[in-house]
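Novice:
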Amino acid sequence: MTLLKWVLVIVGVLFLAAAAAMIGVLYWASSVPSVHVTEADLAIGGSYPPEEKQALLDACNGRNIQKRPDSCTCIADKAGTELSRFLRLILTATFEGSATKIVAVTKGLMDSGVPQEKADAMEKESEQRFDALMRACGLGQ
3 MTLLKWVLVI VGVLFLAAAA AMIGVLYWAS SVPSVHVTEA DLAIGGSYPP EEKQALLDAC
63 NGRNIQKRPD SCTCIADKAG TELSRFLRLI LTATFEGSAT KIVAVTKGLM DSGVPQEKAD
123 AMEKESEQRF DALMRACGLG Q
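Numbering (the numbering used here), first residue to last: 3 to 143.
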């Protein structure tokens with residue numbers, strides 16, 4: 003019987019710790035300012051300002067991954083025609099390893115009023131686009 007009590011206590015403590023962690027993450031995410039995203043930012047290609055291209059290039063070069071010397075330049079160049087602005091922002095944040103930026107861009111998408119169906123379709127297509135871009139630029143996974 004004592005063993006059962008300890009198991010219940012441990013399960014209870016783990017549950018409370020998980021609940022506290024979830025509340026903490028939700029509180030943190032609510033304080034992250036969103037990045038302005040419009041429905042046009044989900045279209046492939048579109049506006050690709052030099053500062054966004056440079057940010058993607060810098061983030062890629064900052065990653066300590068095995069790549070060809072021109073891989074990051076290739077990614078930054080091809081991203082302008084093969085990815086939407088939203089996906090480029092997500093890719094940059096991913097290369098930087100910045101959960102805050104990923105949350106900010108995602109919050110911007112949620113605040114934009116884009117229909118959920120369109121966001122879901124873009125999400126399905128995005129993984130294939132990311133994989134094709136990485137393979138084409140010598141970053142096979």
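A virtual CB, placed ideally from N, CA and C, is assigned to each residue, including glycine.
1) Output the boundary residues of the alpha helix (DSSP H) element that contains Ile46.
2) Cα separation between Glu53 and Cys139?
3) How big is the Cα-Cα spacing for Val9 and Asp79?
4) Would a C-beta distance cut-off of 8 Å place Thr96 and Ala57 closer than the cut-off?
5) Give me the residue from Gly48, Ser49 and Pro71 with the minimum Cα distance to Leu59.
6) Please say whether Met112 and Leu44 have beta carbons closer to each other than 8 Å?
7) Determine, using beta carbons only, whether Thr40 and Ser114 come nearer to each other than 8 Å.
8) Mapping the DSSP letters down to three states, classify Ser100 as helix, strand or coil.
9) So, helix, strand or coil for Ser86, using DSSP?
10) In chain order, what residues of the same chain lie with their CB nearer than 6 Å to the CB of Cys76, ignoring the 5 residues before and after it?
11) Looking at the structure shown, is Gly115 part of a helix, part of a strand, or coil, going by DSSP?
12) For Ser32, count neighbouring Cβ atoms within 10 angstroms of its own Cβ and tell me buried if that reaches 16, exposed if not.
Specialist: Put simply:
1) Note, Ile46: premise wrong, no alpha helix (DSSP H); not H, not E.
2) 21 Å
3) 56 Å
4) no
5) Pro71
6) no
7) yes
8) coil
9) strand
10) Cys139
11) coil
12) exposed
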